[in-house]
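These notes are about the structure you will find just below.
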Amino acid sequence: MSEGEAPQSVGEISNPLLASECALGHDPFDDVASYDPLKERLDQLESARGLAADERSRARRPSTSKRTAAPALATRATAQPRAADASVDVVREIGNGFARASSAAQPGARRATPRPVKPAREPDNLARLSRRRWSTTPRLAEIELPPPKGWIDRLLDPEQRRIMAAFAHLVEGESLYDRFGYSPEVMKSTFLIFHTLYRLYFRVRSEGHERIPVEGPAVLAGNHGGLLPFDAAMTIIDVALHTDPPRLVRAIVDRWAGSLPWVNVFYARSGQVIGTRENFAKLLQEGQLVLVFPEGIEGIRKTIAHRYRLRDFRVGFIEHALRERAPIVPVAFIGSDDQSPILFDIKPLARKLGLPVAPITPTFPWLGPLGLLPYPVSYRIVYGEPLHYHERFGPEGADDTRLVRYLANQVRRAVQLLIDRNRK
Amino acid sequence: MTRVLVTHADEPIGRRVVKNLYHDPGVEALFLLGSGPLPRKFDAYLAGRDPRVSYTRLDLAKHRPVHDLFHSAAFRAAEIDTVVYVPRHGASTAVAEPLVAGLSERTAESRLLLQHCLETPPIRSLVALSSAFVYRLPPGNANHLSEESELNLDPTAMPEIRAWIDCDMIFHGEIHNDRLRVVLLRVPTVVAAGGYVYFHPSLSGRPGSRVRALGFDPICALVTDKDVARAVRAAIHTPVSGIFNIAGGEAVPLSMLARWTGHRSVAVPGPLLGVIDATERMLGIGSHLGARGGAHLRYGFTLNTERAAAELGFRSQYRIGLARAGDGALRLETASI
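First to last, the sequence lines map onto chains A and B.
First residue of the first sequence? That's -1 in this note's numbering, and the numbers climb one at a time after it.
First residue of the second sequence? That's 13 in this note's numbering, and the numbers climb one at a time after it.
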């Protein structure tokens, strides 16, 4: 197989040549080759859906029962890969076809028979406000800028000020903070600093922004690297600059960071959220864009010999994505593992000090805290095709632990392949 | 039509609840209990030949007076069917938590009240106010908590929070009682117009300086006293039982809340908080600076109120913010949405 050609099936990925190219330690599917819970679950769900659809259609409109049968099968059959981008194709195939083709490309994939619309009772104003499904930001063109106030406003260019004004809409009414402590005012100064780093220090290049859902809940799942989480910071800036209406990325932060003085306040005010189940679920319920690093702390512990080789993914994000019906967008961060290459990780010392990692890098601890600062590497961020697992498995799939583990491995492979394709 | 008993009716939140229920056409009579003299605000309620309100002065933490009340002719004649337990809002942090027979006053009150509610057949509903500070807070500036979140069963927690947890668990034990409908409302920091703060372990009490851990400024969920009274009213009239989080739309950092309510928030390095607390206790002056609270309250929370909205039909209706008063000073005000 040539280098630019996408693998055609899961079986081909276990090919030793490709495995070495993917730089995976081992193929996660090798462990489950004999038993495929995905297929079993698919069969169960499809048979259940087929029955349910039949019953529904018989109850509603007996004359049209043939048209509504087996919608899931029809959707799967029509999800054909596009030939435009090789890396996107790879991700879609890794997702076993769960990456949904765009509605423009596949109009026939939509539901064939529209459901009858129930006349809704007109809710009062308060009820309507509280039933609003998603926190939304306005389009940039809709925002009228007031005259600049303060030196931060003067340093931001009009488009950036529009983005900040759009983000202010995430805080309800005239409140100063949202329920997770996010403050639009603090975000302004943070944006100014990190945008400078984005342009001049990390010189970020990115692609695939059109695959980020324009609205509604979504999970960005990527690789983690570097001692300080500049990969998350660069993603926040990148997504803000390349989406309209602008979307604020809410990165899920390890609990350990929540116990650090000042750091916990800074994270909260700039929109980051501690990774508890309630927080994660609430963010998705509000329709926010959530960034997770499913490797967790293990991601930043990687030594230079293991950089860009993904560790095992945790599964919580899959459960939440299924429950809240959120697509998962695989993201590759190239450059983060090079920003502070770890030569050794002294784990006993880290345990003793209660730290996640006790690294030895070319500059740390020799230069003191300054040695933790990242090197001026060039960042590249690539967004993959969204994986719509929730459409196939539904919220009930979150209760199947084997399925959830399997899907986490799928996402891991998708991210790994994105990295390998784009690192060259 | 219900006939309601309200405890600690002479305290600020109790007064607010009484006012709300007095104007509720679904409430036939109010039987008020308080530990102090009759509030002058109640004069209007007690006027007339056949007032709907009666007031009794009583120490709820003592067994004999409570027993006598529940077996008195006046109480039987009142035919109370609903009891609203409004706890004492917490004295100034300068005063140590009073103890009754080894229990905190609040715990003793809860036990006695629940016991008598269970033993008095006409009483069919018990609505109790509890604090949302009972939840265990994971590290983080703001944690979103639901009714299923874990309680803070850490034995080293603040005594005031432990007392709240004891009360909460006492009522929680009877949630599934067939005869008595128990509704437990967990409220965060309650604020009232003018900058008064209730149910906050550190900021309750008189304005003054309060210390907090340096580098931590937890988010505090807020609710107005008016919304609390509305939630109590909703709980009285809705035939459901269980635990409900009640909160308003605002959540602000502790330092801002302190500023809004006339306190001065002083950030002190964490290890010093313990030293300040120990010194205050050694000198026997209580906890003027709230050092104990400052040491424990590093992490903040907001509350998921979806269950209250779905089952009680409660949605917060009052906003909290600063408004310029007649003297030109900025004061905390609550306004209807």
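Where a beta carbon is used, it is the ideal one built from N, C-alpha and C, also for glycine.
For A:E284, count the other beta carbons within 10 Å of its own beta carbon; 16 or more makes it buried, fewer makes it exposed. Which is it? To locate residue 284 of chain A, count along the first sequence from 1; it is residue 286. When all chains shown are included, A:E284 counts as buried.
Pull up the distance between the alpha-carbon of A:R390 and that of A:A396, whole angstroms please. The count along the first sequence starts at 1 and reaches residue 390 of chain A at position 392. The count along the first sequence starts at 1 and reaches residue 396 of chain A at position 398. Taking the straight line joining both Cα atoms gives about 12 Å.
Name the DSSP bridge partner or partners of B:V199? What you label residue 199 of chain B is simply residue 187 of the second sequence in a count that begins at 1. Under DSSP, B:V199 shares a beta bridge with B:S143.
Look at the alpha carbon of B:G386 and the alpha carbon of B:V244, and state the distance between them as a whole number of angstroms. Outside the shown range of chain B, which is 13 to 349, sits residue 386 of chain B, and nothing can be said about it.
Alpha helix (DSSP H) segments (min. 4 residues) lying fully within the segment 128 to 168 of chain A: 148 to 153, 156 to 166
Under 8 Å (Cβ pairs) to chain B, residues found in the segment 280 to 293 of chain A: K280
Could you give the residue range of the beta strand (DSSP E) that holds B:R351? Residue numbering for chain B in the displayed model covers 13 to 349; residue 351 of chain B lies beyond these limits and cannot be assessed.
Thinking B:L42 and B:V78 are a contact (beta carbons under 8 Å), I'd like their distance in whole angstroms, please. Reading the second sequence from its first residue, position 30 is the one you call residue 42 of chain B. Reading the second sequence from its first residue, position 66 is the one you call residue 78 of chain B. The Cβ separation is near 18 Å, so there is no contact.
Any C-beta of chain A under 8 Å from that of B:H156: What you label residue 156 of chain B is simply residue 144 of the second sequence in a count that begins at 1. Judged by the 8 Å Cβ criterion, B:H156 is in contact with chain A.
I'd like to know if B:A204 contacts chain A, where contact means its C-beta is closer than 8 Å to some C-beta of that chain. Working through the second sequence from its first residue, we reach residue 204 of chain B at position 192. Judged by the 8 Å Cβ criterion, B:A204 is not in contact with chain A.
For a contact meaning CB atoms closer than 9 Å, what does B:I231 contact in chain A? Position 219 of the second sequence, counted from the start, is the residue given in the question as residue 231 of chain B. Those within 9 Å of B:I231 in chain A are Y175, R177, F178, G179, A266.
Can you give the Cα-Cα distance for B:G254 and B:V194, rounded to whole angstroms? Residue numbering aside, residue 254 of chain B sits at position 242 when the second sequence is read from its first letter. Residue numbering aside, residue 194 of chain B sits at position 182 when the second sequence is read from its first letter. Looking at the two C-alpha atoms, the distance is approximately 6 Å.
Under the DSSP definition of a beta bridge, which residues are partnered with A:N221? Here residue 221 of chain A refers to the residue found at position 223 of the first sequence. Paired residues: none, contrary to the question.
Under 8 Å between C-beta atoms of A:A219 and A:I298: Residue 219 of chain A sits at position 221 when you count from the first residue of the first sequence. Residue 298 of chain A sits at position 300 when you count from the first residue of the first sequence. With contacts defined by Cβ atoms closer than 8 Å, A:A219 and A:I298 do not form a contacting pair.
What does a CB cutoff of less than 7 Å around B:A247 pick up in its chain, not counting 5 residues either side in sequence? What you label residue 247 of chain B is simply residue 235 of the second sequence in a count that begins at 1. Excluding residues within five positions, the ones whose Cβ falls inside 7 Å are V139, V195, L197, L324.
Inspect the CB distances between the segment 220 to 227 of chain A and the segment 285 to 304 of chain A and report whether three or more fall short of 8 Å. With a cut-off of 8 Å, the segment 285 to 304 of chain A and the segment 220 to 227 of chain A count as touching, because enough Cβ pairs lie within range.
Does B:P151 have its Cβ less than 8 Å from a Cβ in chain A? If you number the second sequence from 1, residue 151 of chain B lands on position 139. Judged by the 8 Å Cβ criterion, B:P151 is in contact with chain A.
Could you work out which residues of chain A lie near B:T201, taking near to mean beta carbons separated by less than 9 Å? Counting from 1 along the second sequence, the entry for residue 201 of chain B is found at position 189. Result: empty, since nearest Cβ-Cβ is about 14 Å, beyond 9 Å.
Would B:T168 be called buried (16 or more neighbouring beta carbons within 10 Å of its own) or exposed? Numbered from 1 along the second sequence, position 156 holds the residue referred to as residue 168 of chain B. By the 10 Å Cβ count, B:T168 comes out exposed.
Chain A contact residues for B:E91, given Cβ-Cβ distances below 8 Å: Within the second sequence, the letter at position 79 stands for residue 91 of chain B. Within 8 Å Cβ-Cβ: nothing; B:E91 doesn't reach chain A, min ~35 Å.
Just the Cα atoms here: how many angstroms apart are A:W149 and A:L190? Position 151 of the first sequence, counting from 1, holds the residue named residue 149 of chain A. Position 192 of the first sequence, counting from 1, holds the residue named residue 190 of chain A. One C-alpha to the other measures close to 11 Å.
Taking CB distances under 8 Å as the criterion, tell me whether A:R321 reaches chain B. On the first sequence, position 323 is the one that residue 321 of chain A refers to. No, its Cβ sits nowhere closer than 8 Å to a Cβ of chain B.
Straight-line gap, A:S376 to A:Y199 (C-alpha atoms, nearest Å): Counting from one through the first sequence, the residue named residue 376 of chain A turns up at place 378. Counting from one through the first sequence, the residue named residue 199 of chain A turns up at place 201. Distance between the alpha carbons of A:S376 and A:Y199: 8 Å.
Take the Cβ of B:G185 as the centre, count every other Cβ of all protein chains shown within 10 Å, and call the residue buried at 16 or more, exposed below. As a position in the second sequence, residue 185 of chain B is number 173, starting the count at 1. Exposed, by the Cβ-count rule.
Ends of the beta strand (DSSP E) at B:H20? Along the second sequence, read from residue 1 onward, the residue named residue 20 of chain B stands at position 8. If you look at B:H20, you'll find it isn't in any beta strand (DSSP E); DSSP assigns it neither H nor E.
Residue range of the alpha helix (DSSP H) that includes B:G286: Numbered from its first residue, the second sequence carries residue 286 of chain B at position 274. First-last of the alpha helix (DSSP H) with B:G286: 282 to 295.
Pick out whichever of B:L141, B:T132, B:L165, B:S122 has its Cα sitting closest to the Cα of B:Y147. What you label residue 147 of chain B is simply residue 135 of the second sequence in a count that begins at 1. Selected option, being the one with the closest Cα: B:L165.
I'd like the list of long-range same chain contacts for B:Q329, defined as Cβ closer than 8 Å, with 5 residues on each side in sequence excluded. Here residue 329 of chain B refers to the residue found at position 317 of the second sequence. Taken in chain order, the residues that qualify are K238, D239, R242, S348, I349.
Inspect the beta-carbon positions of A:R305 and A:D335 and report whether they are closer than 8 Å. The residue you call residue 305 of chain A lines up with position 307 of the first sequence. The residue you call residue 335 of chain A lines up with position 337 of the first sequence. Closer than 8 Å, so yes.
With a floor of 4 residues, list each alpha helix (DSSP H) that falls wholly inside the segment 147 to 192 of chain B, ordered by position along the chain. 171 to 184
Below-8 Å beta-carbon distance, A:E172 vs any chain B residue: Translated into the one-based positions of the first sequence, residue 172 of chain A becomes position 174. So yes, A:E172 belongs to the interface.
What does B:G312 reach in chain A if we use C-beta pairs closer than 9 Å? For the purposes of this step, residue 312 of chain B is taken as the residue at position 300 of the second sequence. Within 9 Å Cβ-Cβ: G179, A266.
Counting pairs of beta carbons, one from the segment 285 to 299 of chain B and one from the segment 250 to 266 of chain B, are three or more of them closer than 8 Å? no
Would you verify that the beta carbon of A:W364 is, or is not, closer than 8 Å to some beta carbon of chain B? One-based indexing of the first sequence puts residue 364 of chain A at position 366. Output row for A:W364: interface = no.
Can B:E40 and B:T19 be called in contact, C-beta distance under 8 Å? As a working mapping, residue 40 of chain B is identified with position 28 in the second sequence. As a working mapping, residue 19 of chain B is identified with position 7 in the second sequence. Cβ distance not < 8 Å, so B:E40 and B:T19 don't count as in contact.
Measure from the C-beta of A:I272 to each C-beta in chain B and report whether the shortest distance is under 8 Å. Looking up residue 272 of chain A in the first sequence gives position 274. Taking Cβ atoms only, chain B reaches closer than 8 Å to A:I272, which makes this a yes.
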